[in-house]
Amino acid sequence: MNRKHWGTIAATITLASTLVVGCGTTSNTTTNNTSSGGNSSSPTTSSGKTTITFYEAMPGELGKELKTLTQKFEANHPSIHVDLIYNGSYSTQEQKLTAALAAHDAPTIAQVEETWESKYFQNGLLTELGKYLPQSTVQDLIPIWRKDSSYNGKLVSVPFNKSAYVLYYNTSDFKKAGIKKPPTTWSQLESDAIKLTKSGVPGIGMQANYYQFEMFLHQAGGKDLNSSNTKAAFGGSAGKTALNFMYQLADVDKAAKIVSENGYLSNGFNTNEYAMDLDTTAALSFINNPSIHFKVAPLPRGTQAAVPTAGTNIVLFKSATPAQKKAAIRYLAFLISKKTTIEWAEKTGYLPVRESALTDPTWISYTASHPDEGVAPKELKHAFYSPRVAALESGMTEATTQIGNCISMHQSVSVTLQKMVQAINEALQNG
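Take a look at the structure:
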């Protein structure tokens with residue numbers, strides 16, 4: 549897995565000018581869980597059911613669990629049908645949403661990344677969910693994700709498949725290298741990676757991209773942008789420290805295996821291509837090799853502890869009919885209910901999104917028998933999320949290119965950092 553979970557950083561697709569005006573009433577064709585489109589039809593069936601369409605991007609077992617939960621919801625709400633429209637990946641999801649919105653044929657609800665959500669919110673396309681969900685529910689959302697889903701104090705999405713980064717480590721490799729416990733600091737991480745490499749397996753898997761840099765940047769005490777989100781803020785010592793640490797691991801210590809931007813960090817860990825992996829909790833669903841013995845630990849800290857979060861939120865589009873909005877609110881309330889969010893977490897490796905879930909006896913009992921799943925929730929007090937600025941995407945893509953140039957030893961750390969800052973600033977100015 550990687551920061552975007554499946555594939556490369558999605559290219560920013562500028563919304564057509566037609567999105568600024570109000571979208572017409574949407575009503576998509578009922579499809580099965582492998583559908584990828586949304587053609588117009590009636591939002592109510594001949595049986596009087598209200599149909600809501602849900603653009604989602606949950607592959608494999610994740611999609612099966614979403615379908616299972618949806619069927620449970622429908623069994624308890626026989627007047628509502630949820631049409632799951634699977635779009636395959638986040639980048640395809642964004643493309644399908646952009647096309648649907650431009651055609652005034654939006655789904656009722658959709659999984660979205662924060663930068664898309666910001667664009668939709670700015671264009672007045674989203675329903676304010678805080679007006680319809682009980683305040684007790686809103687206030688019970690885990691604070692970092694309630695903040696992530698809010699704009700100007702208004703809750704306009706709900707957190708869904710949310711995760712945080714942890715350290716995965718191969719216990720067999722650690723034993724062979726004579727390492728008795730996982731690293732807790734950068735210096736220990738580097739030292740252990742070198743020992744593991746010398747014992748026969750690359751110490752750590754790493755992607756030479758902006759998101760890996762961002763993790764180290766925050767751990768070095770830095771941040772992405774200035775307070776007004778108009779300029780890059782990582783051109784100083786924190787940014788240099790973060791980028792230099794990546795360079796040190798990969799090119800000086802020769803202790804990091806660079807994973808393709810199109811690859812998944814969890815895949816290499818699952819086949820023992822490296823002994824450590826800084827990855828999201830969602831990777832737990834994908835590390836399934838019975839010969840791999842591993843454990844999960846908190847992220848090693850730099851100057852400070854800083855834990856990236858990942859995953860998507862769900863939004864409700866204003867173009868839905870009143871009946872669809874009412875049905876969608878019920879479905880969203882079900883998905884983020886304490887019972888459902890615990891079940892979702894247990895089955896997928898994602899995290900519960902409710903504070904009350906983390907203290908619920910069911911979750912406590914589960915994490916007691918599955919301690920790896922209990923690590924990330926304890927890190928959330930150090931959690932952060934990327935700036936919700938749509939224009940940042942193209943800058944991140946170029947910054948990733950520059951990081952790749954540095955790690956491949958074609959460019960110095962100082963020059964790379966300057967070019968990264970320039971790329972982000974130009975993207976923000978042009979956005």
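Per the numbering used here, the sequence shown starts with residue 549, numbered consecutively. The beta carbon of each residue, even a glycine, is placed where N, CA and C say it ideally should be.
If we count the other Cβ atoms within 10 Å of its Cβ and call it buried at 16 or more, is residue i buried or exposed?
i, result
"I707", "Looking at the sequence provided, one finds Pro at residue 707 rather than Ile. The residue is buried, with at least 16 neighbouring Cβ atoms inside 10 Å."
"N587", "Annotation note: pLDDT 35 at N587 (below 50); position unreliable, no value reported."
"T860", "buried"
"M606", "buried"
"V750", "First, the residue type needs correcting, since residue 750 is Pro and not Val in the sequence shown. That one is buried."
"H841", "exposed"
"P870", "exposed"
"K667", "buried"
"T616", "exposed"
"M968", "buried"
"A938", "buried"
"G850", "buried"
"Q659", "buried"
"N580", "Residue confidence is low: N580 scores 39 on pLDDT, short of 50, so the model does not pin down where it sits. Its coordinate-derived value is still stated next. The residue is exposed, with fewer than 16 neighbouring Cβ atoms inside 10 Å."
"A893", "buried"
"A971", "buried"
"S814", "buried"
"T675", "buried"
"H918", "exposed"
"Q950", "buried"
Check for me: the alpha helix (DSSP H) holding residue i runs from which residue to which?
i, result
"L610", "G608 to N624"
"E841", "Residue identity check: residue 841 is His in the sequence provided, not Glu. Run containing H841: none; DSSP gives neither H nor E here."
"E951", "The residue you asked about is not Glu; residue 951 is Ile in the sequence shown. First-last of the alpha helix (DSSP H) with I951: L940 to I955."
Tell whether a beta-carbon distance below 8 Å holds between residue i and residue j.
i, j, result
"E609", "S833", "yes"
"A768", "A786", "yes"
"L773", "T964", "no"
"A924", "A623", "no"
"K895", "E613", "yes"
"A875", "I628", "yes"
"I727", "A741", "no"
"R936", "E665", "yes"
"D827", "Y716", "yes"
"T507", "A905", "The structure shown does not extend to residue 507, since the chain is modelled only from 549 to 979, so the question has no answer here."
"N757", "T640", "no"
"W911", "I877", "no"
"I989", "S705", "The structure shown does not extend to residue 989, since the chain is modelled only from 549 through 979, so no value can be given for it."
"K843", "D721", "no"
"E941", "T618", "no"
"Y879", "I692", "no"
Hey, could you find the ends of the beta strand (DSSP E) residue i is sitting in?
i, result
"E604", "T598 to E604"
"T860", "V855 to L864"
"I972", "Element bounds for I972: not the beta strand (DSSP E) but the alpha helix (DSSP H), V961 to N978."
"T828", "M824 to T828"
"H629", "I628 to Y634"
"F782", "That residue, F782, is in no beta strand (DSSP E); it is neither H nor E in DSSP."
"Y713", "V706 to N718"
"V937", "Unbroken run through V937: none, as it is neither H nor E."
If you compare alpha carbons, which of the options is closest to residue i?
i, options, result
"Q755", "S808, A881 and S705", "S808"
"I633", "T599, F621, E661 and A651", "T599"
"V855", "V800, K771 and H652", "K771"
"G979", "N777, T948, E927 and F882", "N777"
"A654", "S639, L673, S637 and Y638", "L673"
"E661", "S697, D688, A648 and E903", "S697"
"D799", "I955, A858, V630 and Q683", "I955"
"R902", "I727, T685 and G748", "T685"
"N718", "W911, A931, F882 and A845", "A845"
"N836", "S747, A868, T851 and N820", "N820"
"K926", "A853, G701, F882 and Q950", "A853"
"G784", "W892, G596 and V961", "V961"
"A804", "F782, K788, T789 and G748", "G748"
"G922", "S934, T907 and Y933", "T907"
"M957", "P909, S839 and Q796", "Q796"
"H652", "A868, A830, D825 and A823", "A868"
"T733", "T915, F764 and L880", "F764"
"A830", "Q760, K710 and T745", "K710"
"K746", "Y822, S735 and N671", "Y822"
Rounded to whole angstroms, what's the CA-CA distance from residue i to residue j? Just pull it up for me.
i, j, result
"L899", "S913", "15 Å"
"E738", "G611", "37 Å"
"L847", "L677", "33 Å"
"M944", "F793", "19 Å"
"Y680", "R694", "15 Å"
"D631", "S885", "20 Å"
"L645", "T656", "11 Å"
"K743", "G897", "30 Å"
"L976", "K620", "44 Å"
"T582", "K724", "Note that T582 has pLDDT 38, beneath the 50 cutoff, so the model's placement of it is unreliable and no number is given."
"L864", "K873", "7 Å"
"N576", "Q687", "No answer about N576 holds up, because its pLDDT of 36 lies below 50 and its placement is not dependable."
"Y759", "F882", "32 Å"
At a cut-off of 7 Å, is residue i close to the ligand MN when judged by its beta-carbon and the heavy atoms of the ligand?
i, result
"L906", "This structure does not include the ligand MN; it has no bound ligands of any sort."
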